[in-house]
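Read through the structure below, which is laid out as structure tokens, and then see the notes.
Protein chains: 2
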Amino acid sequence: MEKSVGGRLIAASGSCSDILYGGGFNAADEFVYFEADGKRHIVVSVLEFARALDEAAEGVTVIERGEILRSLPKDAPCRDFFVALSRYCGVDRWTVPAHFPLAYADVMRANGVAVTAESGDFFPERAVKSPAEIEKIRFAEQVTEDAMRMVRDMIRSASVNSHGMLVRKNGDLLTSEFVRREVEAELKRRSFTADRTIIAGGVQASAPHCGGEGPLPAGKPIVCDIFPRSDENGYWGDMTRTFCKGRAEPAALKAFESVRRASECALRMLRAGVTGASVHRCAAVSMESDGFRTCKNADGLPCGFFHGLGHGVGLDIHEQPRLAPSNAEPLPENAVVSVEPGLYDPAWGGIRLEDLVRVTSGGYENFCTMEKELEVE
Amino acid sequence: MEKSVGGRLIAASGSCSDILYGGGFNAADEFVYFEADGKRHIVVSVLEFARALDEAAEGVTVIERGEILRSLPKDAPCRDFFVALSRYCGVDRWTVPAHFPLAYADVMRANGVAVTAESGDFFPERAVKSPAEIEKIRFAEQVTEDAMRMVRDMIRSASVNSHGMLVRKNGDLLTSEFVRREVEAELKRRSFTADRTIIAGGVQASAPHCGGEGPLPAGKPIVCDIFPRSDENGYWGDMTRTFCKGRAEPAALKAFESVRRASECALRMLRAGVTGASVHRCAAVSMESDGFRTCKNADGLPCGFFHGLGHGVGLDIHEQPRLAPSNAEPLPENAVVSVEPGLYDPAWGGIRLEDLVRVTSGGYENFCTMEKELEVE
């Protein structure tokens, strides 16, 4: 019996952060990354071949799809590609990511190729950022912060009409949609793509993922959450501030102070070696001691602090490590995580404050320099 | 023995056009669509629940993830979710899309739930657009065409320096990057996201997927391919024009005329009932008769016309039906397809002209109204 030969394989249609990480290259079309014999390879269509040769990471071999397809009958279905690939590189046992397409795996298995889905992350090392990655994320967060200042200034420079709504200099109402469009257009001008930017005021802000719509109110917290991705390298920024035009109501002010304290408490605790769960708990306990609930379901709808405190940010906007009750692992040095306590209540709206920080051996480096202040005049 | 009950199931992490089509809703987080007992459902996280109730298509039931998770032990891995879901809705036999995550399928199978990957499209009916979909794509293409006019005007209003390069009014060189950023920013202002917009001049245009970089040349074709997606509804526009600042060289002019004729020839042939392959062939034969090659690999690098003539456009930028040699099926009425012949040659660059059209019983409706002219003064 011949010796079994193992490899690692990713297939993706369009952008895939694991392939970008492993191969340094992203294609618009379907494409493939594999490791065999200790070497990394990407397989791309003829349309992408020249660009892939240019852009692939050092040590990555670029293969044109046709080179593998030539071994197949002319009218073979495209899913036979992976059987051909296995023969091409002499591998009969692949490890693949959890999200590997089922149809491909079934055909490979039917042809005697073993396929095992990775139970965890395909590249667990993505949780620890290299100096080059840190530089890219730091820059992404600077761009995000510039956009946040633009939002703050739009709210600050608005006037207030007799209905208590914000008004632009040209007399139009200042809406969530207008702020979102202007901010996302400005980010695009800097080659960053932002979608679903949250500009949510009043009761809308009490649903953490509500994007916000319609005219923005004065005297109510407006949650502004901006998370753009670099078109050039795929790394994300992520930042949230909450602004109130003019004086805020006492309930909102109290919540804001509690969220700010929770952020400070979590950041004081943050360093390599502490668990994600304990940092989350630190923020939760801080808000509980201020009298806020940290429950997931009370009286039907969630209220208080009911999401994770933070998440890793890199080539995915949500990645490892998590600052959440489920993460009992110590945080590694040079993880990059969001720290984003929030409080939500339909009675007064929502507050969230989010920084993006690098975990260091003795604490953290905060990529955000912008102050946390609710009221803008 | 109890009766086996079948259903259809999609799982996606982030945006998924099949779920958007089936459920009318897209989430930023991991989420699920399923059909059981003839009814459509989506399963979303607590953070998305309120928005999903608002936005889901008529007849779609929205289920909060926690409702299904409650039947699991507290520390069960998240992939057990699909076993719990199967019990929750009494299904023991799922049909899933080809791209269904392998890890989930393996756990379901190990727990006695059958999972079969669909061999074709999960929603083959997506190839035929409803009146509401047509309206959305028509609008997307109008926005795309506005952006194309903006590109044309930037090239037209540029001056030419002594090195034959385009120069902006402020004296800076007009670069691919600048045009891309300005166009994508303007599209974002209209709530459309464009990435990888192609603004490729000179020899760069001879690689169909090259995005273009650096200063743009006068007297050479500049391929401009813009394909934005609506942030609001997920439908795409797609359009290509090729411009030349000033007089073009004879070889490029000849190629341009040939591509324009191929487009006209393909459009004349296009109607419901003809095959995608025959429309492709019509364009290919037209360019061949003008003396151009239509081969995939000659002298090492591809040259001439070596991609498909077109593709369906809807919630995906590339979907069914294809105008390509592989598509022997008759085109259905109300398919929306791109028609994009092109010629590429490192000797003089590249030319591509792309319209987006709706297939009708007697011909087509062209969503593009912009003329096809190479030279802009």
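Going down the list, the protein sequences come from chains W and C.
Count the first sequence with numbering that gives the first Met the number 0 and you get residues 0 to 376, in order.
Count the second sequence with numbering that gives the first Met the number 0 and you get residues 0 to 376, in order.
No residue lacks a Cβ here, since even glycine has one placed at the ideal position from N, Cα and C.
Starting from residue i, follow the alpha helix (DSSP H) in both directions and report where the run begins and ends.
i	result
Pro249 of chain W	249-268
Arg69 of chain W	No alpha helix (DSSP H) contains Arg69 of chain W, which DSSP labels as neither H nor E.
Leu186 of chain C	175-188
Ser85 of chain W	80-88
Glu332 of chain C	Premise fails: Glu332 of chain C is in no alpha helix (DSSP H) and is neither H nor E.
Leu101 of chain C	101-109
Leu46 of chain C	That residue, Leu46 of chain C, is in no alpha helix (DSSP H); it is neither H nor E in DSSP.
Excluding five sequence neighbours on each side, which residues of the same chain lie with their C-beta closer than 6 Å to the C-beta of residue i?
i	result
Leu84 of chain W	Ile67
Ala251 of chain W	Pro220, Trp347
Glu47 of chain W	Ala26
Leu186 of chain C	Ala146, Ala193, Pro227
Asn296 of chain W	Here the model assigns Asn296 of chain W a pLDDT of 48, short of 50, so the residue's position is not dependable and the matter cannot be decided.
Trp93 of chain C	Gly6, Leu8, Val114
Ile18 of chain C	Ile9, Ala11, Tyr32
Glu181 of chain W	none
Met0 of chain W	Low confidence applies here, because Met0 of chain W scores a pLDDT of 48, under 50, leaving its location unreliable; read the following figure in that light. Within the same chain, Met0 of chain W has no close Cβ partners at all.
Ala276 of chain C	Pro324, Asn326, Ala327
Phe255 of chain W	Ile350, Leu373
Cys243 of chain C	Pro220, Leu373, Glu374
Which first and last residues belong to the beta strand (DSSP E) in which residue i is found?
i	result
Met238 of chain C	238-244
Ala139 of chain W	Counting along the chain, Ala139 of chain W falls outside any beta strand (DSSP E), though it belongs to the alpha helix (DSSP H) covering 130-155.
Cys223 of chain C	221-225
Ser113 of chain W	It should be noted that the sequence gives Ala, not Ser, for residue 113 of chain W. From DSSP, the beta strand (DSSP E) with Ala113 of chain W extends over 113-116.
Ala283 of chain C	Taken as a continuous stretch (DSSP letters only), Ala283 of chain C belongs to no beta strand (DSSP E), being part of the alpha helix (DSSP H) at 275-288.
Gly309 of chain C	309-311
Gly22 of chain W	Per DSSP, Gly22 of chain W belongs to no beta strand (DSSP E); it is in the alpha helix (DSSP H), 16-22.
Glu318 of chain C	318-322
Ala199 of chain C	197-200
Val95 of chain W	92-95
Arg7 of chain C	5-12
Ala193 of chain W	191-193
In terms of alpha-carbon separation, which member of the options lies closest to residue i?
i	options	result
Met238 of chain C	C:Arg155, C:Ile316, C:Ala282	C:Ile316
Gly6 of chain C	C:Asp17, C:Ser16, C:Ala26, C:Tyr32	C:Tyr32
Pro320 of chain W	W:Ile18, W:Ser14, W:Leu19, W:Lys128	W:Lys128
Val106 of chain W	W:Arg195, W:Leu186, W:Asp91	W:Asp91
Val335 of chain W	W:Leu373, W:Tyr20, W:Phe366	W:Phe366
Arg351 of chain C	C:Pro207, C:Asn110, C:Val150	C:Pro207
Leu308 of chain C	C:Ala271, C:Asn333, C:Cys264	C:Cys264
Ala126 of chain W	W:Ala247, W:Leu71, W:Tyr20, W:Arg267	W:Tyr20
Gly111 of chain C	C:Phe81, C:Phe255, C:Ser288	C:Phe81
Pro249 of chain W	W:Asp224, W:Val222, W:Gly218, W:Ala271	W:Gly218
Asn377 of chain W	W:Arg179, W:Ser158, W:Glu353	No answer is possible for residue 377 of chain W: it lies beyond the span of chain W, which begins at 0 and ends at 376.
Ser14 of chain W	W:Ser360, W:Gly233, W:Gly163, W:Gly272	W:Gly233
Among the residues of its own chain, which have a CB less than 7 Å from the CB of residue i, if the five just before and after it don't count?
i	result
Val59 of chain C	Gly22, Gly23, Arg39, His40, Ile41
Gly211 of chain C	Ser175, Ile197, Ile198, Ala199, Gly200, Gln203
His279 of chain C	Gly307, Leu308, Leu322, Ala323, Pro324
Asp79 of chain C	Leu71, Val106
Ala283 of chain C	Thr293, Phe304
Let me see if you follow: with CB-CB separation under 8 Å, is residue i close to chain B or not?
i	result
Glu47 of chain C	The structure shown contains no chain B; the protein chains it does contain are W and C.
Short of 8 Å in beta carbon distance, which residues of its chain neighbour residue i, apart from the five on each side in sequence? Order them along the chain.
i	result
Arg148 of chain C	Met369
Glu231 of chain C	Ser190
Trp235 of chain C	Ile136, Ala139, Phe226, Pro227, Arg228, Ser229, Val312, Gly313, Leu314, Asp315, Ile316
Gly303 of chain C	Met286, Phe291, Arg292, Thr293, Cys294, Ala297, Leu342, Tyr343, Asp344
Going by the DSSP bridge assignment, what does residue i pair with across the sheet?
i	result
Tyr343 of chain C	C:Gly303, C:Gly349
Asp354 of chain C	C:Val338
His40 of chain W	W:Phe33, W:Thr60
Pro378 of chain W	This structure cannot speak to residue 378 of chain W, because chain W is shown only from 0 to 376.
Asn365 of chain C	C:Val356
Leu373 of chain C	Leu373 of chain C pairs with nothing; no bridge assigned.
Pro123 of chain C	The partner list for Pro123 of chain C (beta bridge, DSSP) is empty, contrary to what the question assumes.
Leu172 of chain C	C:Val166
Val159 of chain W	W:Leu165
(request) Could you name the residues of the stretch 159-180 of chain C whose beta carbon sits closer than 9 Å to any beta carbon of chain W, in the order they occur along the chain? (result) Glu176, Arg179, Arg180
(request) Can you give me, in chain order, the residues of the stretch 185-198 of chain W that have a beta carbon less than 9 Å from any beta carbon in chain C? (result) Glu185, Leu186, Lys187, Arg188, Arg189, Ser190, Thr192, Ala193, Asp194, Arg195
(request) Could you list the residues in the stretch 216-246 of chain W with a C-beta less than 9 Å from some C-beta on chain C, going in chain order? (result) Asp230
(request) Give the residues from the stretch 199-216 of chain C that approach chain W closer than 9 Å (Cβ to any Cβ), ordered along the chain. (result) Ala206, Pro207, His208, Cys209, Gly210
(request) Return the residues of the stretch 256-269 of chain C that lie within a Cβ-Cβ distance of less than 7 Å from chain W, sorted by chain order. (result) none
(message) At a CB distance below 7 Å, what residues from the stretch 84-108 of chain W approach chain C? Give them in sequence order.
(response) Per Cβ criterion, the list reads Val95, Ala97, His98, Phe99, Pro100, Leu101, Ala102, Ala104, Asp105.
(message) Against chain C, which members of the stretch 48-71 of chain W pass a CB distance test of less than 8 Å?
(response) Residues passing the 8 Å Cβ filter: Ala49, Arg50, Gly65.
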